[in-house]
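Chains A and B, in that order, are what the protein sequence lines are. Read in numbering that gives the first Met the number 0, the first sequence has 513 at position 514, and its numbers run on one by one without any break. Read in numbering that gives the first Met the number 0, the second sequence has 96 at position 97, and its numbers run on one by one without any break. Backbone N, C-alpha and C define an ideal beta-carbon position, used for all residues, glycine too. Source: prediction; values computed, not measured. Accompanying notes for the structure given below.
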Amino acid sequence: MADRFQPINWITVSGGAVVLLLTCLSFGTLGAVAWRAEAVSNLGPQEWSAVRFTLWQAFLSSLFSVVLAIPVARAFARRQFWGRQALITLLGAPFILPVIVAVLGLIAVFGRTGLVSQFIGLFGFEPVQIYGLHGVVLAHVFFNLPLATRLILQGWLDVPGERFRLAQSLNFGTGDMFRHLEWPMLRRVVPGAFMVIFLICTTSFAVALALGGGPKSTTIELAIYQAFKFDFDLSKAALLALLQFAICGALALISLWISVPGGQGAGLDRVTPRQDGSVWLDGLWIGLAAAFLLVPLAMITARGVGGLTELPGSIWGAALRSVLVATASALLTVALVLPLALLAQSLKAGGRLVEAVGYVSIAASPLVMGTGLFILTFAWIDPVSLALPVTMLVNAAMSLPFALRAVMPGLAQVEADYGRLASSLRMSGWARLRWLVLPRMRRPLAFGAALAGALSMGDLGVIALFANPENQTLPLALYQLMGAYRMEGAFGAALLLLTLSLAMFWLIDRGGRRDVDA
Amino acid sequence: MLTLEEVLVRQGAFEIAADFSVKSGARVALIGPSGAGKSTVLSVIAGFIAPVRGRLTMSGADVTGAAPGARPLSILFQDSNLFPHLTVFQNVALGIRPNLKLSAEEQARTMAALENVGLAGFEDRKPAALSGGQQSRAALARVLLRDTPLLLLDEPFSALGPALKVEMLDLVQSIAAENGTTLLMVTHDPEDALRICESAILVADGRAHAPVPTAGLLDNPPDSLRDYLGK
Numbered sequence: 000m001a002d003r004f005q006p007i008n009w010i011t012v013s014g015g016a017v018v019l020l021l022t023c024l025s026f027g028t029l030g031a032v033a034w035r036a037e038a039v040s041n042l043g044p045q046e047w048s049a050v051r052f053t054l055w056q057a058f059l060s061s062l063f064s065v066v067l068a069i070p071v072a073r074a075f076a077r078r079q080f081w082g083r084q085a086l087i088t089l090l091g092a093p094f095i096l097p098v099i100v101a102v103l104g105l106i107a108v109f110g111r112t113g114l115v116s117q118f119i120g121l122f123g124f125e126p127v128q129i130y131g132l133h134g135v136v137l138a139h140v141f142f143n144l145p146l147a148t149r150l151i152l153q154g155w156l157d158v159p160g161e162r163f164r165l166a167q168s169l170n171f172g173t174g175d176m177f178r179h180l181e182w183p184m185l186r187r188v189v190p191g192a193f194m195v196i197f198l199i200c201t202t203s204f205a206v207a208l209a210l211g212g213g214p215k216s217t218t219i220e221l222a223i224y225q226a227f228k229f230d231f232d233l234s235k236a237a238l239l240a241l242l243q244f245a246i247c248g249a250l251a252l253i254s255l256w257i258s259v260p261g262g263q264g265a266g267l268d269r270v271t272p273r274q275d276g277s278v279w280l281d282g283l284w285i286g287l288a289a290a291f292l293l294v295p296l297a298m299i300t301a302r303g304v305g306g307l308t309e310l311p312g313s314i315w316g317a318a319l320r321s322v323l324v325a326t327a328s329a330l331l332t333v334a335l336v337l338p339l340a341l342l343a344q345s346l347k348a349g350g351r352l353v354e355a356v357g358y359v360s361i362a363a364s365p366l367v368m369g370t371g372l373f374i375l376t377f378a379w380i381d382p383v384s385l386a387l388p389v390t391m392l393v394n395a396a397m398s399l400p401f402a403l404r405a406v407m408p409g410l411a412q413v414e415a416d417y418g419r420l421a422s423s424l425r426m427s428g429w430a431r432l433r434w435l436v437l438p439r440m441r442r443p444l445a446f447g448a449a450l451a452g453a454l455s456m457g458d459l460g461v462i463a464l465f466a467n468p469e470n471q472t473l474p475l476a477l478y479q480l481m482g483a484y485r486m487e488g489a490f491g492a493a494l495l496l497l498t499l500s501l502a503m504f505w506l507i508d509r510g511g512r513r514d515v516d517a
Numbered sequence: 000m001l002t003l004e005e006v007l008v009r010q011g012a013f014e015i016a017a018d019f020s021v022k023s024g025a026r027v028a029l030i031g032p033s034g035a036g037k038s039t040v041l042s043v044i045a046g047f048i049a050p051v052r053g054r055l056t057m058s059g060a061d062v063t064g065a066a067p068g069a070r071p072l073s074i075l076f077q078d079s080n081l082f083p084h085l086t087v088f089q090n091v092a093l094g095i096r097p098n099l100k101l102s103a104e105e106q107a108r109t110m111a112a113l114e115n116v117g118l119a120g121f122e123d124r125k126p127a128a129l130s131g132g133q134q135s136r137a138a139l140a141r142v143l144l145r146d147t148p149l150l151l152l153d154e155p156f157s158a159l160g161p162a163l164k165v166e167m168l169d170l171v172q173s174i175a176a177e178n179g180t181t182l183l184m185v186t187h188d189p190e191d192a193l194r195i196c197e198s199a200i201l202v203a204d205g206r207a208h209a210p211v212p213t214a215g216l217l218d219n220p221p222d223s224l225r226d227y228l229g230k
């Protein structure tokens, strides 16, 4: 309301610069890759099979995640028990978990020599295989079942408790309750949750790299990696990246039409007291979900402690590089998200468009981004010295959508609560930023930075293209230990990476919470 | 001092017209049924809502298109008059220096304003460490420091108990009298209006009427006000 009176010059300039940078990162790099392509190669049967596999695995992953999340969310919604809040917090953890660590944990449980294989071996069954389509889907469900559970649980708790009370007073059975209260809610929430997970799984790289591969289980992102790494076919990579943009764009349009749930996690500590349903069945669902999440992590911890002594000396250098890249990436994310959010906030009509630019990187391929940056700069700068800065920049761009999601509502709240007071006191420009926006935005900004730091710490993307002992990061070192079947060392490195990621998130996020006035 | 010439405000389907002037140094209440647009009129004067038509002048200068901070007035809202992350001193000093770069003289004036409202010794506290009455005093210290010719109150004391509210109204009155400030105050309580405002503007039926003596208006209310007052 009062924004119109704000001088917006510095916001326009800095926000505009970020919009330009992001556009260049998402589309400019794609252009650079296409421009350097020597021959125009068509998409052959292999590439189309990658497209089919990408969509199929994303469909299966989101289907299993959402369908399994429904009973788990219902159990959380209607049961109060010791440790409930801790478990719900844990449901948020996979988001900041390094993908390669989770994959190793899943291998320890579901792999050829894993717990499940050993157990069924007692009864004379063949060990199970984790590589291929079902492994990729398993890992995606591991990451997204918790997300789906949180989104659907939010939907459950958004149903006013009075309605369940009324239903109980009318002596509704479980079936009636479902038909009249829960089914309408699920019809509203589930399609959105499904779409979010579908989108996330479409651009998956590290999971497919570690558990997929081979002509039958290659995702588009993995095909881009192979086009760069083995064929150095730039035009094929650019075409695949365009295809990925098209698919994600179509998915985003469908999502807009479906309306995606918010799921910021406000008020998940409430319980709607109910007497229907079986306590044992609910307990079973919660127990299974918790075991599915916790056992792989417990395996990392248990075997990792022993593996710490098996770590090659080079691992510490890699760990240090990862910490530096993650810290820089977290800072850069804040430096990008703040001007972008301020610009989106200050514009009336174009605000949504500016915000959309911040979300574009979800559809972009980080591999194309990284390669494009190399192509644009290698004439002037030695590519080896650029590996870490490029990783940092690409990581920041990939974290931006999540940071933006955390920052935008907070910014709107500050304007709603204190915008008029600040305007009446002639606080504008730097004074407004310094004395109003920054102090009040500390929490969401720190949360965004913490997410970016943790994501960057665990990232196995661009860096995989430019593997080089001098600029190796910890996730890459871990992947190479796994590839060399040095499993004890791999578990040790995984424990180290897990600890660093969680510590990074916790430290930055806590920094934003300390001494914050209500 | 303050003139609204044929002003028309539109908020969606809601419209309100205002055409009145207030003399310099006058203390005027805005009375009327809830939802009639009392706060809207105040928001227009403060510059948060632009009128679709008409002209607004203050001390003879046209301020119709001026930004809120560029108008010669102070405003206290119903809530959020202090920034919770700043100290009492910083909150008050913002009234004269939006960037908080104060000269020694300005620092002394800020301290003097705090002393004037009885908050000496509280300057380093955050608002959360103050009582409701003390928070109101801190906001009034800023009004005092700004020393603008016009003061707008949008029911800033409605959350206080009756005794404390009267205390604050008296403090407002003494500040206004001391500086010759023109006061415009939204209220839903006729007692508040009678206590410190000699005239009142009736806001009802899509119109902000010209100010008339408060006592006369309340003793002999038009229909639109009578229902609200319950007389």
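If you draw a straight line from the Cα of A/MET486 to the Cα of A/GLU309, it is about 9 Å long. A/ARG162: member of the alpha helix (DSSP H) spanning 160-168, first to last residue. A direct Cα-to-Cα measurement between A/TYR478 and A/ASN467 gives close to 13 Å.
The beta carbons of A/PRO365 and A/PHE373 sit no closer together than 8 Å.
DSSP lists B/GLU4 as the beta-bridge partner residues of B/ARG54.
For B/LEU93, the chain A residues whose C-beta falls within less than 8 Å of its own C-beta are LEU424, MET426, TRP434, listed in chain order.
Under DSSP, B/ILE195 takes part in no beta bridge, so it has no partner. Residue range 161-178 is occupied by the alpha helix (DSSP H) that includes B/ALA176. Approximately 5 Å separates the beta-carbon atoms of A/LEU473 and A/ALA317; this is inside 8 Å, confirming the contact. In summary, the residues of the stretch 404-422 of chain A whose CB is separated from some CB of chain B by less than 7 Å are ASP416, TYR417, ARG419, LEU420, SER422, in the order they occur in the chain. Closer than 7 Å at the C-beta level to chain A, one finds no residue of the stretch 9-27 of chain B. DSSP lists no bridge partner for A/THR498. In this structure, the CA atom of A/VAL304 is about 10 Å from the CA atom of A/GLY488. Close to chain A, meaning a Cβ-Cβ distance shorter than 9 Å, are the following residues of the stretch 31-47 of chain B: SER42, ALA45, GLY46, PHE47.
Not a single CB atom of chain A sits nearer than 8 Å to the CB of B/SER135. If you look at B/SER135, you'll find it in the alpha helix (DSSP H) that goes 131-145. Leaving aside the five residues that flank B/GLN133 on each side, the residues in its chain whose CB is nearer than 8 Å to its CB run, in chain order, LEU118, PHE121. Sequence-distant Cβ neighbours of A/LEU42 in its own chain, meaning closer than 7 Å and more than five residues away, are LEU238. In this chain, the alpha helix (DSSP H) harbouring B/GLU105 covers 103-115. In this chain, A/GLU469 is not harboured by any alpha helix (DSSP H), its DSSP state being neither H nor E. Residue A/SER254 holds the alpha-carbon nearest to the alpha-carbon of A/VAL188 among A/VAL206, A/SER254, A/TRP284. 8 Å or more divides the Cβ of A/ALA192 from the Cβ of A/ALA138. Residues of the same chain with a CB within less than 6 Å of the CB of A/ALA453, apart from the 5 flanking positions on each side, are ILE95, SER500, MET503, PHE504 in chain order.
DSSP, reduced to helix, strand and coil, places A/GLY482 within a helical segment of the structure shown. The beta strand (DSSP E) runs of length 3 or more contained entirely in the stretch 9-35 of chain A do not exist; there are none.
Contact between the stretch 65-77 of chain B and the stretch 149-161 of chain B is present, with at least three C-beta pairs closer than 8 Å. When the alpha-carbon of A/TRP155 is set against those of A/GLY30, A/LEU185, A/VAL140, A/VAL127, the nearest one is in A/LEU185. In terms of beta-carbon proximity, B/PRO50 stays away from the interface with chain A, with every pair separated by 8 Å or more.
As a beta-bridge residue in DSSP terms, B/LEU149 pairs with B/LEU72, B/THR181.
If you draw a 10 Å sphere on the C-beta of B/HIS84, you find 16 or more other C-beta atoms in it, and that means buried. For A/PRO408, the three-state secondary structure derived from DSSP is helix.
Boundaries for B/ILE48: no alpha helix (DSSP H) harbours it, and the DSSP string shows neither H nor E there. Note on A/LEU165: under 16 other CB atoms within 10 angstroms of its CB, so exposed under the neighbour-count rule.
Beta-bridge annotation (DSSP): A/GLY212 is paired with A/SER216. Counted as a single uninterrupted DSSP element, the stretch harbouring B/PHE121 is not any alpha helix (DSSP H), since DSSP gives it neither H nor E. Contact between A/LEU221 and A/GLY212 is confirmed by a C-beta separation of about 7 Å, below the 8 Å threshold.
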